Structures are given as C-alpha cells and as structure tokens.
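Single-structure report; data block below.
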Amino acid sequence: MLSCSATVEKPEKINGVSYVASRDSIYQQHIDPVVNLGANYAAIMPFGFVKELEHPEIIFNTDRQWFGETERGVKQYVDILHRNQIKVMLKPQIWVWRGEFTGFIKMAHEADWEVLENSYADFILAYAKVAQEANVEIFCIGTELENFIDERPSYWKELIVEVKKIYKGKLTYAANWNEYERTPFWDDLDYIGIDAYFPVDAKQSPTLEETKNGWQKHKSGMKNYSVKHKKQILFTEFGYRSIDFAGRAPWTVDRVDKQVNLEAQAILTQALFEEFWHEEWFAGGFVWKWFHKHDVVGGKDDNRFTPQNKPAEEVIRTFYKKYDL
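Residue numbers (UniProt numbering): 1 to 325.
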C-alpha cells in the first residue's frame, strides 16, 4: 500500500574537494576528513611543467615530481578514494615556472605552436588513458588556457575527438571565470566547467546579503549560457581566501600578510552555496583547495584558500550533507 505522505527527493550535487598532491602515497587517515566533510567527489590534479609562457614543451610524469603528480600516484589516489565511495574528476594542469598565469601561454612562432600542440596532446592523452583504466568519473581536458584556445580552436576540437577514443566517461574543461563565454567547444563536452573566482563584493568583510547581491549579474549570465548550450554549469574550482577583501579579486594567490578574516571566507562561501546549490542547471563544484594532512593545515592563523580547520569548513559540511549524491 502506498504511503499518503509525499516523498521528497533529496537534491543531488557534485560536492567536491580539489585534493592537493603530496610527496607520498595517501592512506585512510588522509581520506577520513574528506568523508567527514560530506564530499562525494575529489579532483586529482597531476601537473605538467613548462619553463616559461612561450616555451612549448611540457614535462610530466617524471621521477622528480611528487608522487601524487605522477601516473602511479594518480592511480593510488583514485583507488583509495573509490574505496571510500568518493568519485573522481581527473584534472591535469599546467604549471608555469614562477607561477605565471597559464591563460597567458602563447607561442611566438608557428613551429612552437605545433610543438606545444603535440606536447599537450601527449600530456592529456596519457592521463585520459589513466582516467579510463582507473574508472574515473569525470575527465577535465585543460585548465585556464584561454590564449591557447583563442589562438588554436581547431586543435582543441581535434584533441577532444582523440580523448573520446580513449576515455568513455564525462568530459569538461576548466575555464577561467571571465573566459567561459568565449570557449568554443562546450557542445562537445558534458559540463560547462568554470573556475568560479568571480568578483562579488569589494568590501573588507561583506555581509551575506551584500555577497548574494554581488552574484546576481554573474549568475544570470551563467544560467542563460547553460540554457543556450543545454549543459549544466560545473564549478571546477571555487573558494575564497580567509583574508580581508576576499570577495574583491578572489583569484589572487600572492603570499601577502593581510589580515586573516575567517568570517569573510565563511560568509562568501555560504553565499555561493545559497545562490547555486539548489539550481537545476548547476551540477556542483570542487572547493579550492584541500590538503591531505588535515590536522596540520589551515586554522585560525592561515589566510590562504583552504577551508580546513576554519569556520568555512563547517559551512561546506552543512551544504554537502544536504545535497549529497
């Protein structure tokens, strides 16, 4: 006999952490805090390295890299995450020496572009193979590479075709917040991926209402774009530093001595969840960023991005447990 009471389906979202690679293997004690957060996804980020913005060769999967940034390390991380019922987005990324912005990568000559294209294909297809072998749920084909895409759009279309020959899961690309509307290949992917460092409020410590108001123009643009392309928006990265003025230019990564502001980070994080996590056109996201040694990172004196051991961690836990897959 059917119950007279209506059954309310639990809303489902990708509740992810951007899991930072370490020098060594990871173990259950490193995954327990992720489980406790209520996360159901983790982004694993193996890096390829280039010497400078105009250098075309990518170095990756070498003995000199940290274990978690190699193919062996990725497989070990994925295995232990899957054993804890945490799904994975594999997100290979480029690191430019001195931390220069990858969106500015641009070759001076045609020959260098061709070298870069071949080198990047080697990098991405190697990890597409890893993703397929490890049964990874989402594969991200690139992160914040706007100049590369603007200059060589046909290459990217061809690269996606090659990726699909190897990897059979869901695909996305991580566009910078001010890049996604120019990205030409969303129709070939499964999610519109955005690194969501949108400026939302310039105040030292904005209120929840002020922050939510600051989201409105960005949110309406994303909703319209999602409807246009018939794809959900996925925040491939989101998060704020625990620092004064954190909502003014959230992409800022400089090591500065600005005042720690735990409340601002928590409020900005709460506003983002309240604006997006209930929307059907929104798939979820990956908080930036999460370190494996939970007990010794973050905390009340830290002004970096991680929410670990800060009030923002409890905000994330509340929403992740409400919107679990």
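Even glycine gets a Cβ: it sits at the ideal position worked out from N, Cα and C.
Keep in mind that this is a model prediction, so the values were computed, not measured.
Report all residues from its chain with a CB closer than 8 Å to the CB of residue i; omit the five preceding and five following residues, and keep chain order.
i	result
Ile-86	Ile-31, Val-34, Val-35, Ala-39, Asn-40, Tyr-41 and Ala-42
Ala-121	Leu-159 and Glu-162
Gln-265	Tyr-240, Arg-241, Ser-242, Ile-243, Ala-246, Pro-307, Lys-310, Pro-311 and Ala-312
Glu-275	Lys-212, Trp-215 and Lys-219
For residue i, which residues of its own chain have a beta-carbon under 6 Å away from its beta-carbon, when the five flanking residues on both sides are left out?
i	result
Ser-22	Gly-68 and His-292
Asp-190	Lys-170 and Leu-171
Ala-271	Leu-208, Thr-211 and Lys-212
Glu-71	Asn-61 and Val-130
Glu-179	Glu-146
Gln-93	Met-45, Phe-47 and Thr-143
Val-20	Lys-289 and Phe-291
So is residue i buried or exposed if we call it buried at 16+ other beta carbons inside 10 Å?
i	result
Met-1	Legend: pLDDT at Met-1 = 38, less than 50; position of this residue unreliable, no value from coordinates given.
Lys-230	exposed
Arg-241	buried
Lys-151	Here residue 151 turns out to be Glu, not Lys, going by the sequence shown. Label assigned to Glu-151: exposed.
Leu-268	buried
Leu-208	exposed
Trp-215	buried
Gly-103	buried
Thr-318	exposed
Thr-143	buried
Ser-226	buried
Ala-6	Residue placement at Ala-6 is poorly supported in this model, since its pLDDT is 42, which falls under 50; the coordinates still yield a value, given next. Flag for Ala-6 reads exposed.
Cys-4	Legend: pLDDT at Cys-4 = 40, less than 50; position of this residue unreliable, value from coordinates given subsequently. Classification of Cys-4: exposed, given that the 10 Å Cβ count is below 16.
Trp-97	exposed
Asn-135	exposed
Val-74	buried
Tyr-27	exposed
His-294	buried
Val-253	exposed
Val-256	exposed
residue 326	Outside the shown range of the chain, which is 1 to 325, sits residue 326, and nothing can be said about it.
On the premise that residue j lies in contact with residue i, defined as a C-beta separation below 8 Å, what is that separation, rounded to the nearest angstrom?
i	j	result
Glu-210	Lys-217	That belief does not hold up - the Cβ atoms of Glu-210 and Lys-217 are roughly 14 Å apart, past 8 Å.
residue 334	Phe-123	For residue 334 there is no data in the structure shown, the boundaries of the chain being 1 and 325.
Trp-281	Lys-223	6 Å
Asp-195	Lys-157	About 22 Å separates the two Cβ atoms, so there is no contact after all.
Sorted by chain position, which residues of the same chain lie with C-beta nearer than 7 Å to residue i's C-beta, five sequence neighbours on each side aside?
i	result
Ser-18	Ala-43, Met-45, Glu-237, Phe-286, Val-287, Trp-288, Lys-289 and Trp-290
Pro-56	Met-107, Asp-112, Val-115, Leu-116 and Ser-119
Thr-183	Ile-149, Tyr-173 and Ala-175
Trp-193	Here residue 193 is Gly; the residue named in the question, Trp, does not match the sequence. Cys-140, Thr-172, Tyr-173, Ala-174, Ala-175, Leu-234 and Thr-236, listed in sequence order.
Ala-249	Pro-199
Asn-84	Ile-31 and Val-35
Leu-81	Ile-31, Ala-42 and Val-88
Tyr-323	Pro-11, Glu-12, Lys-13, Asn-15 and Trp-277
In the DSSP assignment, find the unbroken alpha helix (DSSP H) run with residue i in it and report its ends.
i	result
Leu-149	Residue 149 is actually Ile in this sequence, not Leu. Counting along the chain, the alpha helix (DSSP H) containing Ile-149 begins and ends at 146 to 151.
Phe-123	110 to 133
Val-35	28 to 37
Thr-211	208 to 229
Gln-76	71 to 83
Looking at the unbroken beta strand (DSSP E) that takes in residue i, where does it start and where does it end?
i	result
Ser-18	14 to 19
Trp-95	93 to 96
Met-89	87 to 90
Thr-236	232 to 238
Val-50	47 to 50
Ile-44	41 to 44
For chain D, find out if any of its Cβ atoms is closer than 8 Å to the Cβ of residue i; answer yes or no.
i	result
Gln-216	Going by chain labels, chain D is absent from the structure shown, which holds only one protein chain.
At which residue ranges does the stretch 259 to 323 contain complete beta strand (DSSP E) runs of 3 or more residues, listed in the order of the chain?
-> Within the stretch 259 to 323, the complete beta strand (DSSP E) runs of at least 3 residues are 282 to 290.
Counting only runs that start and end within the stretch 138 to 203, where is the beta strand (DSSP E) found for 3 or more residues in a row?
-> Runs of the beta strand (DSSP E) lying entirely within the stretch 138 to 203, each at least 3 residues long, are 138 to 143, 170 to 176 and 191 to 195 in chain order.
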